[in-house]
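Working notes, structure below.
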Amino acid sequence: MLYLVTSNLNKFNEAKLILEEYRLTLQRLPIEKLEIQADTIQDISEYATKVILEQNKKEILVEDAGLFIDALNGFPGPYSSYIYKTIRCEGILNLLKSETKRTASFKAVLSYGRPKNEVISFLGEIKGQIVYSVRGSGGFGFDPIFKPNGSNKTFAEMSISQKNQFSHRMQALKQFAEWYVQ
Ligand code: IMP
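The numbering used here puts the first residue of the sequence shown at 193, with every later residue one more than the last.
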């Protein structure tokens, strides 16, 4: 049995739908991952995976994601979770108030581990734009301010399956699934 370790039900629902396409059944291990302060989301994801594996002898997936805004030199990036908790979408829009360069990307690192094995990671990335005001009520986190290239809608204006056609999470999960089922 394959477990996604996440306290975020939205994240789990997105991932479950993607892995179903590969006939993989995903369960949720509803614990908060330990997030170290590090410069890359890969370090955060892999460290958390190792810590969780010590206590849970299961086959697990752990993901760390972040929003990287070009005009802010990649901020909040690995600090996205803390920044979301403290200043939310409105705070990001404020930081970009007089900024016309709106390009940004979402990145996700998905780490796979099982007891007594090396952790292996998969990276997904989607480029897009930070819109000028919050739009939509779906999704979570920074979804209402991020519009992927190739769409007129923000992630929060999309259904889960529409978001899954673009998202960083989808890209990381597909790479994992293709590697896992071979
Ligand atoms: P996490 O630590 O991987 O859960 O993600 C860090 C932060 O990035 C979260 O608090 C979210 O605000 C944001 N984030 C990650 N993935 C997404 C996404 O798919 N949509 C919107 N925000 C996201």
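In this text, a Cβ means the ideal position worked out from N, Cα and C, and glycines have one as well.
Arg361 sits in a helix when the DSSP states are folded into three classes. Around the beta-carbon of Arg215, fewer than 16 other beta-carbon atoms lie within 10 Å, marking it exposed. Gly320: member of the beta strand (DSSP E) spanning 312 to 322, first to last residue. When DSSP reads this structure, Leu302 sits in a beta bridge with Glu255, Phe314. Looking from the CA of Arg306, the closest CA among Thr346, Ile322, Asn248 belongs to Asn248. Bridge pairing for Arg220: Leu196 [DSSP]. The alpha-carbon of Lys250 is positioned some 35 Å away from that of Ile261. Sixteen is the threshold: when 16 or more other Cβ atoms of the shown chains lie within 10 Å of the Cβ of Thr346, as they do, the residue is buried. For Lys203, the uninterrupted alpha helix (DSSP H) segment begins and ends at 201 to 212. The Cβ atoms of Glu206 and Met362 sit closer than 9 Å to each other.
With three or more CB-CB distances shorter than 8 Å, the segment 343 to 360 counts as touching the segment 316 to 334. In the three-state DSSP reduction, Pro340 falls in the strand class (E or B). At a cut-off of 8 Å, the beta-carbon of Ser303 does not count as near the ligand IMP: no heavy atom of the ligand is closer than that.
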